[in-house]
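Trainee: Same order as they appear, the protein sequences are chains A and B.
Convert by adding 317 to the 1-based position in the first sequence; the result is the number in this note's numbering.
Convert by adding 317 to the 1-based position in the second sequence; the result is the number in this note's numbering.
There are 2 protein chains.
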Amino acid sequence: MAQWREQCMVRLGDARSSMQSLVQVLRDITGELGFDHCSYVLRQPLPIAQPAVYWGSTYPQAWLDRYMAQNYLERDPLVQNALASDVPVVWSDRSVERLPEFWEEARSFGINHGWAVSSRGRDHTVGLLTVARERVAVSAGELEQSEMRLLWLAHTMHGVASLLPDVAQPVMEPLSAREREVLLWSAAGKTADEIGLILAISTRTVTFHINRCIAKLGAANKTEAVSKALVLGLL
Amino acid sequence: MAQWREQCMVRLGDARSSMQSLVQVLRDITGELGFDHCSYVLRQPLPIAQPAVYWGSTYPQAWLDRYMAQNYLERDPLVQNALASDVPVVWSDRSVERLPEFWEEARSFGINHGWAVSSRGRDHTVGLLTVARERVAVSAGELEQSEMRLLWLAHTMHGVASLLPDVAQPVMEPLSAREREVLLWSAAGKTADEIGLILAISTRTVTFHINRCIAKLGAANKTEAVSKALVLGLL
DNA sequence: CGACGCCCTGTAAGAAATGACAGTTTCGCC
DNA sequence: GGCGAAACTGTCATTTCTTACAGGGCGTCG
Chain A
318 MAQWREQCMV RLGDARSSMQ SLVQVLRDIT GELGFDHCSY VLRQPLPIAQ
368 PAVYWGSTYP QAWLDRYMAQ NYLERDPLVQ NALASDVPVV WSDRSVERLP
418 EFWEEARSFG INHGWAVSSR GRDHTVGLLT VARERVAVSA GELEQSEMRL
468 LWLAHTMHGV ASLLPDVAQP VMEPLSARER EVLLWSAAGK TADEIGLILA
518 ISTRTVTFHI NRCIAKLGAA NKTEAVSKAL VLGLL
Chain B
318 MAQWREQCMV RLGDARSSMQ SLVQVLRDIT GELGFDHCSY VLRQPLPIAQ
368 PAVYWGSTYP QAWLDRYMAQ NYLERDPLVQ NALASDVPVV WSDRSVERLP
418 EFWEEARSFG INHGWAVSSR GRDHTVGLLT VARERVAVSA GELEQSEMRL
468 LWLAHTMHGV ASLLPDVAQP VMEPLSARER EVLLWSAAGK TADEIGLILA
518 ISTRTVTFHI NRCIAKLGAA NKTEAVSKAL VLGLL
């Protein structure tokens with residue numbers, strides 16, 4: 318196992334130029350675990366209303382075309398699960414659940430059995446590793462055998478993919494201690510008056526700090542400033 | 318390895334009555350991996366200004382007393398790292414870094430070498446598993462050998478601990494689709510007027526939905542409603 | 001069909017936030 | 001001692017939010 322982990326790190330390190338090259342390596346690694354295809358999706362929390370999504374995949378091109386055409390990225394039950402839960406999902410050709418047409422289409426491209434593992438990062442990015450194959454469902458024994466490796470792979474991919482040039486978040490001027498404090502109480506629903514009482518400063522000074530936060534974070538108002546600070550982990 | 322994972326799940330499942338009993342099991346498991354002590358900390362995102370923290374530990378009582386007396390929970394570099402990063406930390410008696418008095422005190426209680434692994438959950442809870450021992454630093458070989466197990470343990474503990482009766486989050490009435498939509502645009506910094514234009518509804522209706530969000534989330538105003546919805550993953 | 005939930009809309013008054021003006025004080029650093 | 005960053009304070013006009021009032025339309029489900 319030791320060598321396996323080491324080798325994975327080296328192989329991924331060599332491919333850290335683009336998401337697609339990383340996914341190619343991932344396909345080789347998961348191929349050795351018995352899967353035909355794999356994909357990796359990384360979702361950033363900003364912009365808040367339309368989060369940025371980066372992905373790479375070795376699924377059949379025809380399926381990918383169909384996937385994009387149907388806008389499945391926003392409806393895919395596996396992606397939904399990754400956003401809502403942390404429990405890995407194993408599916409087989411019997412699965413129907415929500416969105417049956419999605420599963421049916423996937424099967425028509427030979428994607429019958431698979432496994433999805435998600436991970437969460439410091440800055441609230443969410444990563445999703447999926448692997449799939451045409452034949453042979455994932456057995457309980459295989460689950461035992463591979464769960465930790467896939468979890469580790471998902472976790473490691475998350476770290477590597479976050480360093481990709483395209484994916485790196487824009488740097489922003491850091492908040493001062495006071496600014497963070499004032500913004501934190503704002504996030505907790507306190508008004509400028511109340512925060513002034515809590516921190517024993519004038520209302521005017523509270524709004525002054527809040528305005529600096531708004532400027533530094535490139536926000537339109539206090540609400541957006543709080544949102545950005547929260548998802549960036551600044552509070 | 319398969320048996321190990323299976324056994325861990327059974328042992329943790331038997332102890333799911335309290336954090337302390339879970340940590341006792343965790344100590345047995347990590348003891349077999351060569352460590353003397355372990356602790357687990359779970360931090361919830363709410364309330365925003367003073368997040369709730371749950372923890373269990375098998376470190377010496379004298380050290381725990383000292384730890385609480387010094388309010389190290391809010392200054393401990395390992396906790397700080399867990400909140401800011403996802404990279405496991407291995408430390409030894411040579412480590413000094415920040416807060417040297419903390420490390421020095423820890424050493425005086427026989428906590429010389431250790432390992433800390435953090436994890437993040439769906440609802441933005443952060444978990445931190447630490448293991449430590451008096452003698453023998455963590456070698457590269459041991460790192461290779463145990464990293465995946467500790468990562469899996471941290472991830473699994475996170476799931477089990479989240480189900481503890483004390484830890485479970487209060488249920489709240491779910492937001493309707495429209496409410497979520499309006500709150501999302503608010504989080505993105507749009508005013509009620511702008512959201513009305515975006516969604517082709519009147520300004521009045523926008524504020525109506527926002528008010529429902531505020532009521533459902535038990536918030537004092539829009540800013541807190543957005544904060545809560547964000548950290549609870551409702552957006 | 002009636003109850004219920006969700007979505008929608010209006011008016012109006014008071015509270016809070018925003019933006020632009022113009023400063024003083026404190027502290028560490030060179 | 002000068003210099004810069006951060007914290008701090010003030011007033012004023014305008015915009016936005018919050019809260020309270022009162023109500024209609026639509027679809028589902030029992």
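The beta-carbon is built from N, C-alpha and C at its ideal position, and this holds for glycine as well.
When the cut-off is 8 Å and only beta carbons count, does N528 (chain A) lie next to chain B?
Mentor: Cβ-Cβ to chain B under 8 Å: no for N528 (chain A).
Trainee: Using a Cβ-Cβ distance cut-off of 8 Å, determine whether K539 (chain A) contacts chain B.
Mentor: Output row for K539 (chain A): interface = yes.
Trainee: Going along the chain, which residues of the region 468-492 of chain B sit with their C-beta nearer than 8 Å to a C-beta in chain A?
Mentor: For the region 468-492 of chain B, which is checked against every Cβ of chain A, the residues closer than 8 Å are L468, W469, H472, H475 and G476.
Trainee: Evaluate contact between the region 473-483 of chain B and the region 439-449 of chain A, counting only Cβ atoms and requiring at least three cross-stretch pairs below 8 Å.
Mentor: No: fewer than three Cβ pairs fall under 8 Å.
Trainee: Give a yes or no on whether the C-beta atoms belonging to V294 (chain B) and P362 (chain B) are separated by under 8 Å.
Mentor: The shown model of chain B, from 318 to 552, leaves out residue 294 (chain B), and the question about it has no answer.
Trainee: Closer than 7 Å by beta-carbon distance: list the chain A residues that pair up with P364 (chain B), in chain order.
Mentor: Those within 7 Å of P364 (chain B) in chain A are A505.
Trainee: What are the residues in the region 388-402 of chain B lying within 8 Å of chain A by C-beta distance?
Mentor: Listed in sequence order: L400, A401 and S402.
Trainee: Would you mind working out which of B:L339, B:F525 and B:S409 sits nearest E498 (chain B), comparing C-alpha positions?
Mentor: If we check each option's Cα against that of E498 (chain B), B:F525 comes out closest.
Trainee: Listed from N- to C-terminal order along the chain, which residues in the region 427-457 of chain B have their beta-carbon within a distance smaller than 7 Å of any beta-carbon of chain A?
Mentor: Going along the region 427-457 of chain B in chain order, one finds R437, G438 and R439 with a Cβ nearer than 7 Å to chain A.
Trainee: Assess contact between the region 341-349 of chain B and the region 466-475 of chain A, defined as three or more Cβ pairs (one per stretch) separated by less than 8 Å. Is contact present?
Mentor: Contact fails: fewer than three Cβ-Cβ distances are below 8 Å.
Trainee: If the cut is a Cβ gap below 8 Å, which residues of chain B does R333 (chain A) touch?
Mentor: Simply none; closest approach about 16 Å.
Trainee: Would you say R322 (chain A) reaches chain B, if we count a Cβ-Cβ gap shorter than 8 Å as a contact?
Mentor: Closer than 8 Å: yes.
Trainee: Between A:S503, A:A485, A:W432 and A:L551, which has its C-alpha nearest C355 (chain A)'s C-alpha?
Mentor: Nearest option by C-alpha distance: A:W432.
Trainee: Provide the residue(s) that pair with Y357 (chain B) in DSSP beta bridges, ordered along the chain.
Mentor: Note: Y357 (chain B) sits in a beta bridge opposite B:G373 and B:L446.
Trainee: What does V543 (chain A) reach in chain B if we use C-beta pairs closer than 8 Å?
Mentor: Near V543 (chain A) (Cβ distances below 8 Å), the residues of chain B are T540, V543 and S544.
Trainee: Relative to the alpha-carbon of A454 (chain B), which residue among B:W321, B:I428, B:R333 and B:L468 has its alpha-carbon at the smallest distance?
Mentor: Of the candidates B:W321, B:I428, B:R333 and B:L468, the one whose C-alpha sits nearest the C-alpha of A454 (chain B) is B:I428.
Trainee: Against chain A, with Cβ distances strictly below 8 Å, would A369 (chain B) count as a contact?
Mentor: Closer than 8 Å: no.
Trainee: What does a CB cutoff of less than 8 Å around R333 (chain A) pick up in its chain, not counting 5 residues either side in sequence?
Mentor: Here the set comprises L339, V477, L480 and L481.
Trainee: Grouping DSSP H, G and I as helix and E and B as strand, with all else coil, what is H430 (chain A)?
Mentor: In this structure, H430 (chain A) counts as strand in the three-state DSSP scheme.
Trainee: What is the DSSP secondary structure of R333 (chain A), reduced to helix, strand or coil?
Mentor: R333 (chain A) falls in the coil class under three-state DSSP.
Trainee: Does the structure place the region 504-514 of chain B close enough to the region 389-397 of chain B that three or more beta carbon pairs sit under 8 Å?
Mentor: Contact fails: fewer than three Cβ-Cβ distances are below 8 Å.
Trainee: Mind the definition here: the region 525-545 of chain B touches the region 538-545 of chain A only if three or more C-beta pairs lie below 8 Å; say whether that holds.
Mentor: Segments in contact, yes.
Trainee: Between which residues of its own chain and Q324 (chain B) is the CB-CB distance below 8 Å, once the five residues before and five after are set aside?
Mentor: Nothing listed; no residue qualifies.
Trainee: On the CB-based measure, 16 or more other CB atoms within 10 Å of its CB, does L438 (chain B) come out buried or exposed?
Mentor: According to the sequence shown, residue 438 (chain B) is Gly rather than Leu. Classification of G438 (chain B): buried, given that the 10 Å Cβ count is 16 or more.
Trainee: Whose Cβ in chain B lies nearer than 8 Å to the Cβ of M465 (chain A)?
Mentor: By Cβ distance, chain B contributes M318, R322, M465, R466, L468 and W469.
Trainee: Excluding the five sequence neighbours on either side, which residues of its own chain have a C-beta within less than 6 Å of the C-beta of S436 (chain A), listed in chain order?
Mentor: Excluding positions up to five away in sequence, the list reads G444, A471, H472 and H475.
Trainee: Please state whether the Cβ-Cβ distance between Y371 (chain B) and L359 (chain B) is less than 8 Å.
Mentor: Result yes, Cβ atoms of Y371 (chain B) and L359 (chain B) sit closer than 8 Å.
Trainee: How about D331 (chain A) and E451 (chain A): are their beta carbons less than 8 Å apart?
Mentor: No.
Trainee: Look at the alpha carbon of E496 (chain A) and the alpha carbon of S402 (chain B), and state the distance between them as a whole number of angstroms.
Mentor: Their Cα atoms are separated by approximately 22 Å.
Trainee: Give me whichever residues DSSP pairs with S436 (chain A) in a beta bridge.
Mentor: A:G444, per the DSSP bridge assignment.
Trainee: How about I512 (chain B) and V523 (chain B): do their beta carbons lie closer than 8 Å?
Mentor: Result yes, Cβ atoms of I512 (chain B) and V523 (chain B) sit closer than 8 Å.
Trainee: Using a Cβ cut-off of 7 Å, pull out every chain A residue sitting near L547 (chain B), in sequence order please.
Mentor: The contacting residues are S544, L547 and V548.
Trainee: Locate the beta strand (DSSP E) running through V406 (chain A), then write down its first and last residues.
Mentor: It spans V406 to W408 - the beta strand (DSSP E) in which V406 (chain A) sits, taken as one unbroken run.
Trainee: For the alpha helix (DSSP H) containing S474 (chain A), name the first residue and the last one.
Mentor: Note that residue 474 (chain A) corresponds to Met in the displayed sequence, not to Ser. Unbroken alpha helix (DSSP H) run through M474 (chain A): A457 to A478.
Trainee: Flag this pair as yes or no: are the beta carbons of L271 (chain B) and M465 (chain B) separated by less than 8 Å?
Mentor: With chain B covering only 318 through 552, there is no way to say anything about residue 271 (chain B).
Trainee: Just to confirm the assignment, what range does the alpha helix (DSSP H) spanning F525 (chain A) have?
Mentor: It spans T520 to K533 - the alpha helix (DSSP H) in which F525 (chain A) sits, taken as one unbroken run.
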